[in-house]
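Here is the structure we will look at.
Residue numbers (the numbering used here): 108 to 256.
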């Protein structure tokens with residue numbers, strides 16, 4: 108895909124030139140599963156990032172807005188998100204030092220991989236029976252503790 112710098116955004120401003128190569132492969136019929144993610148936890152009293160590593164690339168635009176970090180009271184932890192170019196690595200660095208305590212990674216179940224599969228199931232599968240209960244879950248929460256190392 109090539110995005111030419113002559114293209115304009117909604118406000119008439121020129122877009123930055125961009126190029127990305129895609130490779131076509133066999134269809135992917137595997138739902139996204141947070142159980143397959145590798146998590147690196149930060150230490151209390153630091154601004155070390157919380158790191159999520161995914162086995163397969165996830166949708167970059169969705170990654171940037173569908174994962175939140177919340178404290179034990181359910182308050183959002185403000186910070187900066189960084190996503191690797193491969194879309195397989197997500198980092199969250201808090202604005203303040205991590206305090207000791209329990210936190211959760213709240214992942215919107217609509218987060219998709221590049222084939223459109225999400226945490227509710229595969230892209231083009233019809234939902235039946237008990238599957239519909241899974242599809243109504245808005246978030247999956249991965250709880251973790253932050254302590255001094």
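Just so it is clear, CB atoms sit at the ideal spot from N, CA and C, and this is done for glycine as well.
- In the same chain as residue 115, and ignoring 5 residues on each side of it, the C-beta atoms closer than 8 Å to its own belong to 121 and 122, in chain order.
- For residue 189, the number of other beta carbons within 10 angstroms of its own is below 16, and it is reported as exposed.
- Excluding its 5 nearest sequence neighbours in each direction, residue 183 has C-beta neighbours in its own chain below 8 Å: 175, 176 and 177, listed in chain order.
- Looking at the DSSP output, residue 146 shares a beta bridge with 159.
- In this model, residue 169 and residue 255 are separated by some 32 Å (Cα to Cα).
- Per DSSP, residue 132 lies in no alpha helix (DSSP H) segment and is marked neither H nor E.
- Residue environment: residue 204 is assigned as exposed (fewer than 16 neighbouring CB atoms within 10 Å of its CB, all protein chains considered).
- Listed as beta-bridge partners of residue 252 by DSSP are 209.
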